[in-house]
Amino acid sequence: MQIHQYDVVIVGAGGAGMRAALESSVRTRTAVISKLYPTRSHTGAAQGGMCAALANVEEDNWEWHTFDTVKGGDYLVDQDAAEVMAKEAIDAVLDLEKMGLPFNRTPEGRIDQRRFGGHTRNHGEAPVRRSCYAADRTGHMILQTLYQQCVKNDVAFFNEFYVLDLLVDHDLSAGQVGAGEEVNVTGVVAYDLATGEIHVFHAKSVVLATGGAGRIFKTTSNAHTLTGDGIALAYRRGVPLEDMEFFQFHPTGLAGLGILLSEAARGEGAILRNAEGERFMERYAPTIKDLAPRDIVARSMANEVREGRGCGPNKDYVHLDLTHLEPAHIDAKLPDITEFARTYLGVEPYTEPVPVYPTAHYLMGGIPTNIEGEVLRNNDDVIKGLYAAGECACVSVHGSNRLGTNSLLDINVFGRRAGIAAAEYAVGASFVEMPEDPAAAVVAELEAIRTRPDGEKPGEIRKALAETMDLNAQVFRTEDSLKQALADIRELARRYKNVSVQDKSNAFNTDLLEAVELGFLLDLAEVVVLGSLIRKESRGGHFREDYPKRDDATFMRHTMVYRRPLGGGTSDGDADGPFSSSMEADDYRIVVGSKPVTETRYQPMERKY
Amino acid sequence: MTATTETTATKATQVPSFTVTLKIMRHIPSDVAPAGYGEPAPAGTTRWDTFTVQVHGTDRVLDALHKIKWEQDGTLTFRRSCAHGVCGSDALRINGRNRLACKTLLKDLNPSKPITIEPIKGLPVIKDLVVDMEPFFASYREIMPFLITSGVEPTKERLQSAAERERFDDTTKCILCAACTTSCPVFWTDGQYFGPAAIVNAHRWIFDSRDEGAAQRIEILNDREGVWRCRTTFNCTEACPRGIEVTKAIQEVKRAMLTRTH
């Protein structure tokens with residue numbers, strides 16, 4: 090075992106982690122721990138763009154962007170956070186350009202901008218050109234640019250290190266720490282994939298930037314590595330999770346595969362059609378049609394299929410039609426995604442429509458933070474020194490449905506903020522002592538999996554989990570389907586206790602690490618389903634067929650889910666909230682509270698496009 | 368209205384399930400006891416294992432590898448992440464050619480014969496299909512892959528015309544998968560050679576109108592292990608899963624060296 094000491098430890102080297110590292114590393118001694126080489130992170134898969142009201146091509150301002158974000162999130166957005174993001178978006182884009190990011194340009198040589206779903210002029214009048222982009226590989230260019238700057242600044246990376254535990258000086262999971270008491274982060278425990286050696290990182294500040302958890306679903310645009318590690322670790326250590334029932338299903342995944350085709354296609358003029366060739370979005374969103382927010386488009390598509398107007402031999406997808414666009418225009422603006430259609434489905438987008446169906450894409454919920462990126466342990470108190478940013482965090486700028494491009498923006502704005510805050514805190518703080526033998530618990534769990542001679546195969550459990558989530562907790566949800574999903578997850582969690590791997594070695598044991606990741610997925614799937622059961626309304630990405638209306642009277646609040654011991658422990662948070670409850674699993678209790686939504690200038694209205 | 372169900376051919380989905388045999392090179396790590404690691408074999412050795420799996424028409428080599436790992440042999444070790452050709456984790460030598468496992472459809476590989484899978488060549492193998500990428504990234508870092516400018520930073524964006532932007536577009540596509548570098552015969556015999564990927568990334572900056580570091584990068588690549596070692600065999604261009612004209616980019620860097628005025 091090796092012990093390291095850094096002022097700031099950043100977990101994750103995608104956009105949020107590296108943006109934080111660029112700020113933190115110039116202020117104080119910083120390490121970045123990543124389970125992948127940084128350039129492998131899933132930020133690189135983002136395609137369409139990053140919105141900012143630069144007004145380079147038409148009139149725009151950050152207030153319109155704030156409004157669109159709030160409305161797009163079906164008013165479950167914390168409006169102070171959305172305002173920060175929309176305001177700082179402009180500098181965030183300019184910062185990236187100054188770092189060398191090759192944005193597409195206007196004829197005048199300025200950063201070009203294009204349309205994107207839900208982004209409008211003057212509070213919904215018409216689509217606006219707000220998305221700054223680099224062809225359809227904007228995320229790739231952001232990831233490369235941030236990594237290049239990290240190389241320039243000689244940032245210390247620990248690549249292919251898996252974080253296995255988050256160290257905090259009070260055991261929050263017991264539910265015995267009262268409101269207002271001081272709680273400090275003390276570091277993380279990590280596993281070096283190449284050797285199997287355990288590394289303990291003692292830190293004054295820790296920034297969690299581990300990304301999403303799309304792998305709880307079967308059909309997903311997410312990388313195999315997006316298993317919600319940081320979110321699950323925080324949850325296991327007693328941190329609540331916020332709004333986890335809100336998962337975004339991106340409308341245009343390649344049918345049957347889930348590979349993402351950017352909304353930029355529709356931004357450039359592509360049209361969704363059903364088997365009758367009808368442009369069906371005209372019925373669902375008469376004003377902005379195919380450029381309605383993702384939750385609406387995904388639901389409309391699923392509805393077309395359900396009502397028998399799906400395409401193909403099994404009528405189980407719809408068509409994305411680009412055939413009316415000039416091939417030269419497609420090549421210039423959408424080269425990568427048209428290649429995906431050719432490579433994976435053998436479809437030529439110049440002449441043939443592309444089969445598409447919604448794919449699990451983005452987790453709106455996550456680790457609750459304030460606008461400085463500090464992690465909340467209940468509705469009010471922060472854990473000193475602990476920060477989160479990006480998809481693993483819930484600040485909450487996306488509310489119940491994220492607008493396209495706002496994730497690349499989120500990682501830049503809040504990654505930067507978390508990096509600055511973590512470093513500034515660390516500079517003024519001293520190291521808090523770690524618990525004795527900080528790695529003992531996780532090493533014991535790891536060794537139990539590794540040395541168990543025979544047992545359940547992780548691959549089988551993971552497959553069953555993903556299948557029940559797709560079947561029962563996807564675009565359309567009901568009480569019955571969710572109860573089925575919950576029962577399935579509980580059963581799989583029981584089987585997981587007897588999980589065993591075939592690879593018993595130390596070097597590069599991905600069999601073992603996949604089993605660990607499966608544990609994270611099971612924990613998070615349960616929270617997603619439980620939140621969905623409790624939220625008896627439909628809002629944004631969460632649609633309950635048995636409760637198809639938004640219910641502001643009861644549910645205009647953030648869900649906060651805590652894991653607590655059976656029998657004991659206080660119910661942190663808002664125990665008397667309108668949908669507070671408690672539920673027992675085999676070994677623990679899940680306590681559900683809620684947190685008010687911050688409203689500044691926008692009153693909730695009905696969401697029409 | 369151009370789209371109708373009748374005219375749509377989702378060709379890959381029309382290919383029925385079929386059986387493929389994969390012949391995979393296994394490398395047993397030398398620094399660990401191989402207990403429980405597949406069939407007993409002495410550490411530090413390699414062997415070929417053969418697996419047969421049932422796959423679908425749209426399945427890629429990566430799907431077959433996952434099927435083996437999840438259903439037959441959990442010890443089979445390889446890197447992967449995004450699974451659609453943008454993260455650069457799974458470059459492998461497939462039937463003797465460097466490709467991304469997640470971008471190579473099995474149906475396109477003549478499934479009637481066993482498909483051979485090996486790690487990419489020229490980098491030290493750690494385990495099975497996993498190689499040590501550190502030497503590769505070290506070369507990348509050496510060419511100063513970041514914007515170099517002088518003078519006062521502008522308050523707004525730097526201007527760049529669409530044509531200037533287009534000049535280096537091709538080389539911005541690089542995902543650092545190492546397929547090009549590890550397809551290069553010069554790199555195989557001389558691990559000190561910078562290799563195509565590093566030169567591609569130098570090209571990305573040398574031809575960026577905003578950058579002022581071209582002279583420094585050209586100096587670095589004028590080294591005896593630099594661009595002049597390229598023998599123009601075009602393996603790199605063929606290997607690039609992103610369709611970058613790698614050899615052309617190397618030629619352009621060579622030309623920039625010969626014509627530089629500074």
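Chains as they are written, first to last, in our numbering: chain B, 90 to 698; chain R, 368 to 629. Don't be surprised by glycine CBs; every beta carbon is placed ideally from N, CA and C. Bear in mind the structure is a predicted one, so any value in this text is a computation, not a measurement.
Query	Result
Environment of Lys697(B) [buried if 16+ CB atoms lie within 10 Å]	exposed
Nearest to Leu496(R) (by Cα), restricted to the options Glu415(B), Trp151(B), Ala642(B), Ala596(B)	Ala596(B)
Cβ-based neighbour list, Leu473(R), same chain, cut-off 7 Å, excluding 5 preceding and 5 following	Val387, Val422, Asp426, Arg427, Val428, Ala431
Simplified DSSP state of Leu343(B), which is helix, strand or coil	strand
7 Å CB neighbourhood of Asp457(R) in its chain, flanking five on each side removed	Leu429, Phe445, Arg446, Arg447, Leu467, Ala468, Cys469
Classification of Met90(B) by the beta-carbon crowding that lies within 10 angstroms, buried from 16 upward	exposed
Cutoff 8 Å; reference Pro486(R); Cβ partners in own chain excluding five residues on either side	Met392, His394, Leu459, Arg460, Val492, Asp495, Leu496, Val497, Val498
Residue-chain proximity (Ile493(R), chain B), Cβ-Cβ < 8 Å	yes
Any C-beta of chain R under 8 Å from that of Met188(B)	yes
Chain R contacts from the region 413–442 of chain B (Cβ-Cβ distance under 7 Å)	His413, Phe429, Thr432, Tyr433, Leu434, Gly435, Val436, Glu441, Pro442
When Gln265(B), Ser485(B), Val115(B) are compared against Gln238(B), the one with the closest alpha-carbon	Val115(B)
Within-8 Å CB hit, Gly403(R) to chain B	At Gly403(R), the pLDDT of 45 sits below 50, so the modelled position is not reliable; the number obtained from the coordinates is stated separately. Judged by the 8 Å Cβ criterion, Gly403(R) is in contact with chain B.
Where Glu485(R) falls: helix, strand or coil (DSSP)	strand
Exposure label - His229(B); buried when at least 16 CB within 10 Å	buried
C-beta atoms of Gly479(B) and Gly138(B) nearer than 8 Å	no
Start and end residues, beta strand (DSSP E) containing Glu463(B)	463–465
Start-to-end residues for the alpha helix (DSSP H) that takes in Gly508(B)	495–517
His208(B): first and last residue of the uninterrupted beta strand (DSSP E) it sits in	202–210
Other residues of its chain near Cys607(R): CB distance less than 7 Å, five sequence neighbours each side excluded	Ala546, Cys547, Val613
Trp595(R) classed as buried or exposed, judged by whether at least 16 other C-beta atoms fall within 10 angstroms	exposed
Contacts of Phe513(R) in chain B (Cβ-Cβ under 8 Å)	Met188, Gly189, Gln237, Gln238, Val240, Lys241
Within 8 Å of chain B by C-beta, residues of the region 448–459 of chain R in sequence order	Ser448, Cys449, Ala450, His451, Gly452, Val453, Cys454, Gly455, Ser456
For Pro216(B), three-class secondary structure by DSSP	strand
Unbroken alpha helix (DSSP H) run spanning Tyr585(B), endpoints	568–585
Segment contact flag, the region 220–227 of chain B with the region 190–207 of chain B, C-beta cutoff 8 Å, min 3 pairs	yes
Cβ-based burial, Glu172(B) [other Cβ within 10 Å; buried from 16]	buried
Top-ranked residue by Cα proximity to Leu322(B), from His288(B), Asp410(B), Ala511(B), Val278(B)	Val278(B)
Cβ pair Ala109(B), Ala312(B) closer than 8 Å	no
Chain R contact for Asp543(B) (CB, 8 Å cutoff)	no
Contacts that Ser384(R) makes with chain B (C-beta to C-beta distance below 8 Å)	Residues of chain B passing the Cβ test: none, with the nearest at roughly 13 Å.
Chain-ordered chain B contacts of Leu543(R) [CB-CB under 7 Å]	Thr128
Run of the beta strand (DSSP E) containing Glu537(B), from where it starts to where it stops	A quick correction: the sequence has Ala, not Glu, at residue 537(B). Segment 529–540 is the alpha helix (DSSP H) holding Ala537(B); no beta strand (DSSP E) there.
Residue ranges of each beta strand (DSSP E) within the region 250–280 of chain B, 3 or longer	250–257
Extent of the continuous alpha helix (DSSP H) run through Glu673(B)	Counting along the chain, Glu673(B) falls outside any alpha helix (DSSP H), though it belongs to the beta strand (DSSP E) covering 670–673.
Helix, strand or coil at Val328(B) [DSSP, three-state]	coil
Outcome for Arg591(R) when other beta-carbon atoms lying within 10 angstroms are tallied against a minimum of 16	exposed
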